[in-house]
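Worksheet for the structure shown next.
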Amino acid sequence: MYELVRANKIRSAALTLFMALILFLVSYAIAEYAVPGSGYIGVLIGFVLWIILTLISFYAGPSIYLALGHARKIKKEDNPRLFNIVEEMTIASGLPKMPDVYIIEDPMPNAFATGRNPKVSAIAVTTGLLQIMNRDELQGVIAHEMAHVKNRDVLYMLVVGIMVGVITILADLFVRGFLYGRRSRSASKAPAQAQAIILIVGIIVIVLSPIIARIVYLAISRKREYLADASAALFTRYPEGLASALEKIEAFVQNAPPRLLKANATLAPMYIVNPLTAKKKRDSLFSTHPSTENRIRILRGMGGASFVDYNAAYKKIIGKAEDLIKVDKEGGEGTVSVRSPSGEEVDKKVLSREAMDTLWKSMDYQFITCSCGLKFKIPPTFKGDRIVCPRCGTVHDV
Amino acid sequence: MNPVWIIVIVVALLVLFVIFMFNRLVRLRNEVTNAWAQIDVQLKRRHDLIPNLIETVRGYMKHERETLEAVTEARTRAMNAKDISEKIEAEKGLMGTLIRLFAVAENYPDLKASTNFLALQEELASTENKISFARQYYNDTVYRYNTATQVFPANIIAGIFGFKAGTFFTVENEAERAAPKVSF
Chain F
0 MYELVRANKI
10 RSAALTLFMA
20 LILFLVSYAI
30 AEYAVPGSGY
40 IGVLIGFVLW
50 IILTLISFYA
60 GPSIYLALGH
70 ARKIKKEDNP
80 RLFNIVEEMT
90 IASGLPKMPD
100 VYIIEDPMPN
110 AFATGRNPKV
120 SAIAVTTGLL
130 QIMNRDELQG
140 VIAHEMAHVK
150 NRDVLYMLVV
160 GIMVGVITIL
170 ADLFVRGFLY
180 GRRSRSASKA
190 PAQAQAIILI
200 VGIIVIVLSP
210 IIARIVYLAI
220 SRKREYLADA
230 SAALFTRYPE
240 GLASALEKIE
250 AFVQNAPPRL
260 LKANATLAPM
270 YIVNPLTAKK
280 KRDSLFSTHP
290 STENRIRILR
300 GMGGASFVDY
310 NAAYKKIIGK
320 AEDLIKVDKE
330 GGEGTVSVRS
340 PSGEEVDKKV
350 LSREAMDTLW
360 KSMDYQFITC
370 SCGLKFKIPP
380 TFKGDRIVCP
390 RCGTVHDV
Chain V
0 MNPVWIIVIV
10 VALLVLFVIF
20 MFNRLVRLRN
30 EVTNAWAQID
40 VQLKRRHDLI
50 PNLIETVRGY
60 MKHERETLEA
70 VTEARTRAMN
80 AKDISEKIEA
90 EKGLMGTLIR
100 LFAVAENYPD
110 LKASTNFLAL
120 QEELASTENK
130 ISFARQYYND
140 TVYRYNTATQ
150 VFPANIIAGI
160 FGFKAGTFFT
170 VENEAERAAP
180 KVSF
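Sequences listed follow chains F and V, in order. For the first sequence, numbering that gives the first Met the number 0 begins at 0 and goes up steadily by one. For the second sequence, numbering that gives the first Met the number 0 begins at 0 and goes up steadily by one.
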């Protein structure tokens, strides 16, 4: 686990470097194309752009993501059960600080994590998730998100995600410029043929780089989804919780009308199941997540709850020869036994009401229950200081 | 190059290596201490919840004085436990009395419908989970620390500076481990 975090940090650094190289290459090619001989200035501009965007994403990224998802922060009183589960998983994962908890009004059961390090992080869940998950399932989903924080995936999504975005924007600008404009070519002494070759190579680089950047980024993103699943199984000691949660999400996706599977395109890859591509069954180079079906099958195929068990199940189901996760002595090389289910019985109606109440409470609505059983939700904009129950006429102070 | 320099460089590298190893062991040992403290935090939280629970339940369960007293007594015993093994025993006893209390509560539909009681039930059930997750994390950390002190060459440094192996928090009784998880 901890070796894994270290390995992830190194890999993230290498990947960031790789993306920076592609970015510089693209900036160089574009500048060279626009004004021959100005390639280095292009690199400089690309570098400055990258630094600015990285700083913005590092400091403001988490709040931007949460704002894009219309997420509202909740307190413990708003949903004690959810809060307790997040606390439980914070302890199980050994995070130094509990992530902030947010709720999103969305019928699709889903969740995402964001943040810049384990001390500054947030987990957001949709009302749809709270409506249909029992305790073990919710715990599995939260553990998966917690793993993204613990494994530093959230930082990776922020920094590398932004770079892929910048590369795409630059290439896009170039293609537009290429289509609509004529470049100002100063008198050049190079032979026409050599120039043509450089030109073609440059164009190829510019057009291909966003695609390459995206493919690399997504391959790693998919791998990290598997890793987060494996970590969730280890934290909860109960792979079936997450498996069953994913199954419920998959069932929702397959039966839901497409209008319900919406999300902000930037945010979509960060969810536990990508709402925009969820209906597709097979993995492709451009999938942000492995297929939900495979994820469920691997979790269900685990003989225990450790990484060793996950590796074994992964190899059997995906049909690959090599381990997904490198396991070392300190992380534990054996299997870990699975705990028994919590056996909590849940009433769907109660869960559904709780989920919506959480949303109201997050908007500072006040709740008053009348002696006749009627429940008022009083908006924070309510001005008066008393309210009359429409059913029994009792007067309540607000 | 002067052979003296080579020796100096080798020694410097060796010293750096030892410092690195030593710091790593210290960090792991601190993690073990922190993980243990987490268990304590959760145990204390359970103790803190009990007076509130008794207060809520008392009004409904007029004829269950013995059950309630047993919980209070077990709590006092758990809070006064001195060494670790005594503590584990006392906490187990407290747990038993709580299970009985919640079993008896089944006979009082009014109590079961009370929001206050439901909230406390959620808190106690979650505290129970937190205790077992804290224990799980503690054991994982001890495993990591112990392995780190046993592998070569860190074992030499651990030996010199007296890093002792940590103790696992285990449930001695196998049957107890196999027993179904308690839900209130």
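Note that beta-carbon positions come from the ideal geometry of N, C-alpha and C, so glycine has one too.
Can the beta-carbon of F/Y101 be found less than 9 Å from the beta-carbon of F/I122?
Result yes, Cβ atoms of F/Y101 and F/I122 sit closer than 9 Å.
Residues in the segment 114-125 of chain V with C-beta within 9 Å of chain F's C-beta atoms, listed in sequence order?
Against chain F - using a Cβ distance shorter than 9 Å - the residues of the segment 114-125 of chain V are T114, A118, E121, E122, A124, S125.
How would you call F/Y27, buried or exposed, if buried means at least 16 neighbouring beta carbons within 10 angstroms?
Buried: at least 16 other Cβ atoms inside 10 Å.
Give me whichever residues DSSP pairs with F/G114 in a beta bridge.
The partner list for F/G114 (beta bridge, DSSP) reads F/S120.
Ignore the nearest five residues each way along the sequence and tell me which others in F/V174's own chain have a CB closer than 8 Å to its CB.
I205, V206, listed in sequence order.
Can you have a look at F/S183 and say buried or exposed, based on whether 16 or more other CB atoms are within 10 angstroms of its CB?
Bear in mind that the predicted position of F/S183 carries a pLDDT of just 49, short of 50, making it too unreliable to give a figure here.
Leaving out five residues before and five after F/E321 in sequence, what residues of the same chain have Cβ atoms less than 7 Å from its Cβ?
No residues qualify anywhere along the chain.
Does F/V272 come out as helix, strand or coil in the three-state DSSP assignment?
Here F/V272 sits in coil by DSSP.
Compare the C-alpha of F/E104 against each of F/F366, F/D356, F/I199, F/Q365 and name the closest.
Per the Cα distances, F/D356.
Determine the closest residue to F/L323 out of F/V335, F/L52, F/S305, with distance taken between C-alpha atoms.
Closest by alpha carbon: F/S305.
Pop quiz: F/V140 and F/I271 are said to be a contact at Cβ under 8 Å. What is the actual Cβ separation, rounded to whole angstroms?
Confirmed, Cβ separation roughly 6 Å.
Can you round the beta-carbon distance between F/A142 and F/M107 to whole angstroms, since I take them to be within the 8 Å contact cut?
Wrong, their Cβ atoms sit about 20 Å apart, outside the cutoff.
Report back the beta-carbon spacing between F/I166 and F/V25 to the nearest angstrom; my notes put them in contact at under 8 Å.
With 8 Å as the limit, F/I166 and F/V25 qualify as a contact, their Cβ atoms being about 6 Å apart.
Assuming F/F402 contacts F/F23 (C-beta within less than 8 Å), just tell me the rounded distance between them.
Residue 402 of chain F cannot be examined here, being either before or after the span of chain F that is shown, 0 to 397.
Buried or exposed: which applies to F/V200, given that a residue is buried once 16 or more other Cβ atoms fall within 10 Å of its Cβ?
F/V200 comes out exposed.
Compare the Cα-Cα distances from F/V215 to each of F/I9, F/L14, F/S336, F/S92 and report the closest residue.
Looking at the Cα atoms, F/L14 is the closest of the given residues.
Report the neighbours of V/K129 on chain F: residues whose CB is nearer than 7 Å to its CB, in chain order.
The contacting residues are E86, E87, I90.
When you compare the CB positions of F/P289 and F/Y225, do they come within less than 9 Å of one another, or not?
Contact flag set, yes.
What residues of chain B sit near V/Y59, judged by a beta carbon separation below 8 Å?
As a matter of chain content, chain B is missing from the structure shown, whose protein chains are F and V.
Report the option in F/S361, F/P274, F/G93 whose CA atom is closest to the CA atom of F/N150.
Closest option to F/N150, Cα to Cα, is F/G93.
Do V/V31 and V/V141 have their C-beta atoms within less than 9 Å of each other?
Going by C-beta atoms, V/V31 is nearer than 9 Å to V/V141.
Shorter than 9 Å from the beta carbon of F/F57 to some beta carbon of chain V?
Not an interface residue.
With burial defined as no fewer than 16 other Cβ atoms inside 10 Å of the residue's Cβ, what is the status of F/T53: buried or exposed?
By the 10 Å Cβ count, F/T53 comes out buried.
Of all the CB atoms in chain F, is at least one closer than 9 Å to the CB of V/T32?
It does not: the Cβ of V/T32 has no partner Cβ on chain F nearer than 9 Å.
According to DSSP, is F/K75 part of a helix, a strand, or is it coil?
Here F/K75 sits in helix by DSSP.
Would you be able to state if there are at least three C-beta pairs under 8 Å between the segment 110-123 of chain V and the segment 71-84 of chain V?
Too few Cβ pairs lie closer than 8 Å, so no.
F/N7 to V/P108, Cα distance in whole Å?
Going by the C-alpha atoms only, they are around 52 Å apart.
Got a sec, what are the start and stop residues for the beta strand (DSSP E) F/H69 sits in?
Where F/H69 is concerned, there is no enclosing beta strand (DSSP E), given that its DSSP letter is neither H nor E.
Cα separation between F/I73 and F/S361?
Spanning the two alpha carbons is a distance of roughly 5 Å.
For V/K162, is the classification buried or exposed, using 16 other Cβ atoms within 10 angstroms of its Cβ as the cut-off for buried?
Here residue 162 of chain V turns out to be Phe, not Lys, going by the sequence shown. Burial call: buried.
Going by DSSP in three states, F/R175 sits in which element: helix, strand or coil?
Reduced to three states, the DSSP call for F/R175 is helix.
How about F/L137 and F/A244: are their beta carbons less than 9 Å apart?
Cβ atoms of F/L137 and F/A244: closer than 9 Å.
Please determine, among F/P79, F/A277, F/I50, F/H147, the residue with the shortest C-alpha to C-alpha distance to F/R115.
Of F/P79, F/A277, F/I50, F/H147, the residue nearest in Cα terms is F/H147.
Among all the DSSP beta bridges, which residues are the ones paired with F/E365?
What sits at residue 365 of chain F in the sequence shown is Gln, not Glu. Paired residue(s): F/I377.
With contact counted as at least three CB pairs below 8 Å, one residue from each stretch, are the segment 127-147 of chain V and the segment 32-40 of chain V in contact?
Touching, per the Cβ criterion.
F/R134: buried (16+ other C-beta within 10 angstroms of its C-beta) or exposed?
Buried, because 16 or more other Cβ atoms sit within 10 Å of the Cβ of F/R134.
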